[in-house]
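Notes follow once the structure below has been shown.
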Amino acid sequence: MRRMAGATLEWLDERAAIRYLLRKGLYEAVPVRGAWFYTLGSATLVLITVQLITGIFLTMLFVPSVKEAWESLDYIRQHDAFASVVRGIHLWDAYLLLLVLGLHMVRTFSSGSYKRPRELNWLSGVGLFLLVLAMAITGAMLPWDQAAYWTAVVTTNIPSYLPLVGSFLRDLWRGGTFVGPITLVRTFGIHVWLIPALLFTLIGAHLALLRKHGEFGSYVNYRGAYRSYEGREVPPAPAERPIEPPYPSTPSEEEWSAPLQTEDFYPFQTFKDGVVSLVCLLIVLALALGIGAPLEDPANPAAISYTPTPEWFYLPLDQLLVLVPKELISLVLFIPLGGVLLLVALPFIDRGPERNPFERPAVIVPGAIVVLFIVILTLLGSGRLFNL
Amino acid sequence: MSAALLLPLVHLLDLQLPEHAPSFGGEAGYRAAIGIIMSTHILISGLVSGATQLGPFIEWLGYMRQRPRYDRLAHGLARFAVYYFGIGTATAILFMVVLVVGLWGHFFTTLVRITWWPFVIEAWSFVLMVVLTYIWYYTWERLRPFKVLHMALGGMLVVASVIQVAMIDIVASYMLTPGAPSDPIRIAINPTVYPLDVHRLIANLAYIGFAIGGFSAILFWRSREPEDRAFYDWAGSFGLLWGMSLTALQPVVGYSYAKEIQLHSYAAWFKMMRGDLSTVFVWQILLLGMMFTVGVWYFFRRLRTAGARGTSLLKTATIGLLILAIFAALPYHLAFNQDQVIKAGLNRPFWEGGLIDPLGAMIPNKVLALMGLDLLAMLGVVWYLRGLRDVAWGAPARGEQRLLIASGVMVMMMIVTMGFIRENSRVPYLISGEITVSGQQDVSPPQTSPAPLPPP
Chain D
1 MRRMAGATLE WLDERAAIRY LLRKGLYEAV PVRGAWFYTL GSATLVLITV QLITGIFLTM
61 LFVPSVKEAW ESLDYIRQHD AFASVVRGIH LWDAYLLLLV LGLHMVRTFS SGSYKRPREL
121 NWLSGVGLFL LVLAMAITGA MLPWDQAAYW TAVVTTNIPS YLPLVGSFLR DLWRGGTFVG
181 PITLVRTFGI HVWLIPALLF TLIGAHLALL RKHGEFGSYV NYRGAYRSYE GREVPPAPAE
241 RPIEPPYPST PSEEEWSAPL QTEDFYPFQT FKDGVVSLVC LLIVLALALG IGAPLEDPAN
301 PAAISYTPTP EWFYLPLDQL LVLVPKELIS LVLFIPLGGV LLLVALPFID RGPERNPFER
361 PAVIVPGAIV VLFIVILTLL GSGRLFNL
Chain R
1 MSAALLLPLV HLLDLQLPEH APSFGGEAGY RAAIGIIMST HILISGLVSG ATQLGPFIEW
61 LGYMRQRPRY DRLAHGLARF AVYYFGIGTA TAILFMVVLV VGLWGHFFTT LVRITWWPFV
121 IEAWSFVLMV VLTYIWYYTW ERLRPFKVLH MALGGMLVVA SVIQVAMIDI VASYMLTPGA
181 PSDPIRIAIN PTVYPLDVHR LIANLAYIGF AIGGFSAILF WRSREPEDRA FYDWAGSFGL
241 LWGMSLTALQ PVVGYSYAKE IQLHSYAAWF KMMRGDLSTV FVWQILLLGM MFTVGVWYFF
301 RRLRTAGARG TSLLKTATIG LLILAIFAAL PYHLAFNQDQ VIKAGLNRPF WEGGLIDPLG
361 AMIPNKVLAL MGLDLLAMLG VVWYLRGLRD VAWGAPARGE QRLLIASGVM VMMMIVTMGF
421 IRENSRVPYL ISGEITVSGQ QDVSPPQTSP APLPPP
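Protein chains in written order, with my numbering: chain D, 1 to 388; chain R, 1 to 456.
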């Protein structure tokens, strides 16, 4: 039996270079210090994979039509305990994914990991963030209960505030002037085909770029960090262990191109990644079993007693829309758009060599204010979750 | 012997003290007395809360950056908190026990019954805060070899301080937007509790920043050693930066707060935005605009004195802020309340050709102006941070220190103005729509036995 397995492995290795790929995948150098912070990227990947698996499962039960969407989910709720848990996992995994992805972005931003030569890593990451947001909002529209219907009404109406093409885009998404059957089918198509296709393409690019340039990690791993410490000298280039591929990452500045200390991705980093990913999965499972995925009454456009409450990740934008007078809504919609443009432009604006966040106040302070602004808007908007 | 000496003194006091508590000249007098004490309390306690929340953060920042001046500033804040805790507490006791209980006894008893648990938690978190403040300050040198432990103490102090403010915010927000008094959850998460909590938290942190700026400017003038002058120059700049950055968040939070008041306590909102208090609101907007203007003006001047880059944009931003501040405070029409506007036949929005609401109308011109003020203030902060690398601390011009002091004074005026608007928006109510100011001083004993029957 062992001989047969060994022979099969040899056969595969000769044709697909499995040993080489495993070695390349597992034994690359990663920075040592601050490694727990780098686990957020792999946790994100694990959570996205769970989305894919549970999503495939749910498509086998969910019927994307206004008449049967709610009924198919109601059937799951009442008669299929396992599918109910899977639906709960799909929902809570998506929520946690947004949170972990947000933290991953904050970590990357604060450590200056977007600087050359990692500009494309950052850009692909921004793309992934937007796609996950789009995935979440389109997913929230699918159950076709009251919450989903009003989310669809509000979300599909947002493009209409854009000048010139606004009404066209809204009608294109809705399949007419009003939200209806075509809206649901189109949203379903976007959710299960269009966004995942883009998402997994970008994930591939993101990982390939990560492998090419190596994990930057944190400024504390580099010689450049010692420049900002008063009374401490910059240590010499690493001597304990020779610089290993993918380091030095070029065309980075010499002091920031290779960590002072590295370790193998396997087993050191994989252990930490595994622990954090497992904790995330346990949280998701606990929430899925404990709370599950809610399903409100079927969508009823004529209901006047229903108070719509937005998804929590939508609260910052919703709060902005609630606050401003009608005449200024178009203007306010440019705030998130401007935010996205700033994210895209960040590696090209902040081009200085410095990586230490405490020595980059001109970038970190406004960044912190923006994050604080989003948190505050979420907090202010959360009053509506309690129907205050 | 001592009794023989003391007895005449006691008699003398008996002759000197009036028979009854002072009347303060009636209801207006009560309100004025409470307003003055409350404003004094807020001005001091806001600083103490800010110091206990910002101080530990600055200490951590110094540890991370390995810069001794951060440690010195944090230590100074700890000393300030220790010294001024007593004054803040004394004004609070005078306010609560003597004035509120003495003058608005019925209201305060009712309020304490309704918000019993927030008061209890507030009291205990206050105890924790006092204990931690003293330990944090007095172990500064002893725990220097164990800095992480000392910072952990500071972190606990931040938590205690935030809880203490959050609890008193529940009480304050409940008075404006009360819910069912029997439901503790509805009392705790009443409609304005979030915005007030966030607004105050940021305000306390920004306030201490501006105060550091103003106080450092005075100490800079008094100091002679180059090292001290460099420290106070840097501390002034740091404080103002901190204050400006956080104040840039306030218009959004404040606007959210006003929106919730509009939805849940319309009469109070109307009074603030369109009624008698709208004029005060215009003053507040002007103050905010001037705070931003003076702050960015300081940034411009400090970089210019240091010969650093980025001054031309800061100069333009200062002028832009001044124009926007004037635009934000521009009255549509010289009417002082909604009645006068209606009389003038101008109670239509401006986009319908009317002019319009009274002085304090916020929508939409002032919203636009606020957005502009915010963006320019943020731009000023970023540009100043960008130019700071070229600044050598210790040799500012005199005008810059004046601007720091002016910023500090304006923030104090702002705090008093905001307190005045919020507390007066409820008048004549103490708890919105529930308990009024009148009749609070009635202390006649209740009728305990039935009245005698009339003779047959």
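Here a beta-carbon is modelled for each residue, glycine too, at the ideal position from N, C-alpha and C. Treat the numbers as computed from the prediction; the structure is a model and nothing was measured.
*Beta-carbon proximity list for Tyr-95 of chain D, same chain, < 7 Å, skipping 5 on both sides*: Counting from one through the first sequence, the residue named residue 95 of chain D turns up at place 95. So no residue of the chain qualifies.
_Classify Ile-356 of chain R: buried if its beta carbon has 16 or more other beta carbons within 10 angstroms, exposed otherwise._
Taking the second sequence and counting its residues from 1, the one referred to as residue 356 of chain R is at position 356. Because the pLDDT at Ile-356 of chain R is just 44, under 50, the model does not fix this residue reliably, and the point stays unresolved.
So, under 8 Å CB-CB, Ala-188 of chain R and Pro-118 of chain R are touching, yes? Tell me the CB distance rounded to an integer number of Å. Residue numbering aside, residue 188 of chain R sits at position 188 when the second sequence is read from its first letter. Residue numbering aside, residue 118 of chain R sits at position 118 when the second sequence is read from its first letter. Indeed they touch by this definition, with Cβ atoms about 7 Å apart.
Less than 8 Å between CB atoms is the rule here; does Pro-191 of chain R satisfy it with respect to chain D?
Locating residue 191 of chain R in the second sequence gives position 191, where the first residue counts as 1. By this cut-off, Pro-191 of chain R is an interface position.
Beta-carbon proximity of Ser-125 of chain R to Met-96 of chain R, cut-off 8 Å
Here residue 125 of chain R corresponds to residue number 125 of the second sequence, with the count starting at 1. Here residue 96 of chain R corresponds to residue number 96 of the second sequence, with the count starting at 1. Contact: no.
*asked:* Considering only the alpha carbon of each residue, which of D:Val-153, D:Glu-354 and D:Thr-187 lies closest to Ala-302 of chain D?
replied: Walking along the first sequence from the start, residue 302 of chain D turns up at place 302. Among D:Val-153, D:Glu-354 and D:Thr-187, the Cα nearest to that of Ala-302 of chain D belongs to D:Val-153.
>> Taking contact to mean 3 or more Cβ pairs, one atom from each stretch, closer than 8 Å, check whether the region 315-325 of chain D and the region 88-106 of chain D are in contact.
In response: no
Practice item. Starting from the Cα of Ile-431 of chain R, find the closest Cα among R:Pro-181, R:Met-129 and R:Ala-33 and give me that residue. Key: To locate residue 431 of chain R, count along the second sequence from 1; it is residue 431. Taking only the C-alpha atoms, the option nearest Ile-431 of chain R is R:Pro-181.
Beta-carbon neighbours of Lys-259 of chain R, restricted to chain D and to distances below 8 Å = In the second sequence, counting from the first residue as 1, residue 259 of chain R sits at position 259. Within chain D, the residues near Lys-259 of chain R are Val-322 and Leu-323.
Worksheet entry | Of the listed residues R:Trp-269, R:Ile-58 and R:Thr-91, nearest to Phe-33 of chain R (C-alpha basis) | As a first step, residue 33 of chain R is located in the second sequence; it is residue number 33 there, counting from the start. The displayed chain sequence assigns Ala, not Phe, to residue 33 of chain R. For Ala-33 of chain R, the nearest C-alpha among the options comes from R:Thr-91.
Where Glu-227 of chain R falls: helix, strand or coil (DSSP): Within the second sequence, residue 227 of chain R is the residue found at index 227, counting from 1. If DSSP states are grouped into helix, strand and coil, Glu-227 of chain R belongs with the helices.
What is the residue span of the alpha helix (DSSP H) that Glu-263 of chain D lies within?
Position 263 of the first sequence, counting from 1, holds the residue named residue 263 of chain D. Note, Glu-263 of chain D: premise wrong, no alpha helix (DSSP H); beta strand (DSSP E) at 262-264.
Notebook entry, point to check: Between Arg-422 of chain R and Val-280 of chain R, what straight-line distance do the alpha-carbon atoms span, to the nearest angstrom?
Noted result: Here residue 422 of chain R refers to the residue found at position 422 when the second sequence is read from its first residue. Here residue 280 of chain R refers to the residue found at position 280 when the second sequence is read from its first residue. Using only the alpha carbons, I get a separation of about 11 Å.
*Mark Met-1 of chain D as exposed unless 16 or more other C-beta atoms lie within 10 angstroms of its C-beta, in which case mark it buried.*
Looking up residue 1 of chain D in the first sequence gives position 1. Burial call: exposed.
| task | Would you tell me roughly how many angstroms separate the C-alpha atoms of Thr-8 of chain D and Ala-17 of chain D, rounded to the nearest one? | result | As a working mapping, residue 8 of chain D is identified with position 8 in the first sequence. As a working mapping, residue 17 of chain D is identified with position 17 in the first sequence. One C-alpha to the other measures close to 13 Å.
* Can you give the beta carbon distance from Val-198 of chain R to Val-253 of chain R, rounded, assuming they're within the 8 Å contact cut? -> For the purposes of this step, residue 198 of chain R is taken as the residue at position 198 of the second sequence. For the purposes of this step, residue 253 of chain R is taken as the residue at position 253 of the second sequence. Going by Cβ atoms, the distance from Val-198 of chain R to Val-253 of chain R rounds to 5 Å, so yes, they are a contact pair.
Under the DSSP definition of a beta bridge, which residues are partnered with Ile-431 of chain R? Here the question's residue 431 of chain R lines up with position 431 in the second sequence. In DSSP, Ile-431 of chain R forms a bridge with R:Ile-435.
Quiz prompt | For Asp-145 of chain D: DSSP bridge partner residues | solution = Taking the first residue of the first sequence as 1, we reach residue 145 of chain D at position 145. Per DSSP, D:Pro-298.
| query | With a cut-off of 8 Å, does the C-beta of Ile-374 of chain D fall near any C-beta of chain R? | reply | Position 374 of the first sequence, counting from 1, holds the residue named residue 374 of chain D. Not closer than 8 Å to any Cβ of chain R, the Cβ of Ile-374 of chain D fails to qualify, so no.
Does Gly-360 of chain R have its Cβ less than 8 Å from a Cβ in chain D?
On the second sequence, position 360 is the one that residue 360 of chain R refers to. Low confidence applies to Gly-360 of chain R: its pLDDT is 49, below 50, so where it sits in the model is not reliable, and the reading given next is rough at best. Not closer than 8 Å to any Cβ of chain D, the Cβ of Gly-360 of chain R fails to qualify, so no.
Exercise. Say the cut is 7 Å; is the CB of Ala-81 of chain D nearer than that to a heavy atom of the ligand ATP?
Worked result: Only the bare structure without any ligand can be found here, which leaves the ligand ATP out of the picture.
Query raised in the report: For the beta strand (DSSP E) that contains Val-30 of chain D, what are its first and last residues?
Result: Taking the first sequence and counting its residues from 1, the one referred to as residue 30 of chain D is at position 30. Segment 29-31, the beta strand (DSSP E) holding Val-30 of chain D.
- request: Give every residue of the same chain whose Cβ lies closer than 7 Å to the Cβ of Arg-304 of chain R, excluding the five residues on either side of it in the sequence, and list them in chain order.
  value: In the second sequence, the residue the question calls residue 304 of chain R occupies position 304. Excluding residues within five positions, the ones whose Cβ falls inside 7 Å are Thr-311.
Let me see if you follow: with CB-CB separation under 8 Å, is Pro-56 of chain R close to chain D or not?
Position 56 of the second sequence holds residue 56 of chain R. No, Pro-56 of chain R lies away from the interface with chain D (no Cβ there is under 8 Å from its Cβ).
If we define contact as Cβ-Cβ less than 8 Å, is Gln-319 of chain D a contact residue for chain R? Sequence index remark: in the first sequence, residue 319 of chain D carries index 319 (1-based). Yes, Gln-319 of chain D lies at the interface with chain R (some Cβ there is under 8 Å from its Cβ).
| query | Roughly how many angstroms lie between the CA atoms of Lys-271 of chain R and Leu-199 of chain D, to the nearest whole one? | reply | As a first step, residue 271 of chain R must be located in the second sequence, where it is residue number 271. As a first step, residue 199 of chain D must be located in the first sequence, where it is residue number 199. The alpha-carbon atoms of Lys-271 of chain R and Leu-199 of chain D are separated by roughly 52 Å.
Q. Assuming Leu-314 of chain R contacts Val-294 of chain R under a Cβ cut-off of 8 Å, what Cβ separation, rounded to an integer in Å, is found between them?
A. On the second sequence, position 314 is the one that residue 314 of chain R refers to. On the second sequence, position 294 is the one that residue 294 of chain R refers to. Contact doesn't hold; Cβ gap of about 13 Å is too wide.
Problem set entry | Touch test, the region 106-119 of chain D against the region 260-278 of chain D, Cβ-Cβ under 8 Å, three pairs minimum | no
Rounded separation between Gly-204 of chain D and Gly-408 of chain R - CA only: What you label residue 204 of chain D is simply residue 204 of the first sequence in a count that begins at 1. What you label residue 408 of chain R is simply residue 408 of the second sequence in a count that begins at 1. Going from the Cα of Gly-204 of chain D to the Cα of Gly-408 of chain R covers about 53 Å.
For chain D, check one thing: does any of its Cβ atoms lie closer than 8 Å to the Cβ of Leu-314 of chain R? The residue you call residue 314 of chain R lines up with position 314 of the second sequence. Chain D contact via Cβ: absent.
Of all Cβ atoms in chain D, is any one closer than 8 Å to the Cβ of Leu-385 of chain R? For this step, residue 385 of chain R is matched to residue 385 along the second sequence. With 8 Å as the cut-off, Leu-385 of chain R counts as an interface residue toward chain D.
Start and end of the alpha helix (DSSP H) containing Gln-262 of chain R?
Position 262 of the second sequence holds residue 262 of chain R. Note, Gln-262 of chain R: alpha helix (DSSP H), 250-264.
| task | Return the first residue and the last residue of the alpha helix (DSSP H) that Asn-121 of chain D is part of. | result | For the purposes of this step, residue 121 of chain D is taken as residue 121 along the first sequence, with counting starting at 1. It spans 119-140 - the alpha helix (DSSP H) in which Asn-121 of chain D sits, taken as one unbroken run.
Point to revise | Collapsed DSSP secondary structure at Glu-10 of chain D in the structure displayed | key: Working through the first sequence from its first residue, we reach residue 10 of chain D at position 10. It is helical.
- Query: Mind listing which residues of the region 238-255 of chain R have their C-beta closer than 9 Å to chain D's C-betas, in chain order?
  - Reply: Leu-241, Ser-245, Leu-246, Ala-248, Leu-249, Val-252, Val-253 and Tyr-255
### Task
Please decide whether Ala-225 of chain D counts as near chain C, where near means a Cβ-Cβ distance under 8 Å.
You won't find chain C in this structure, because its protein chains are D and R.
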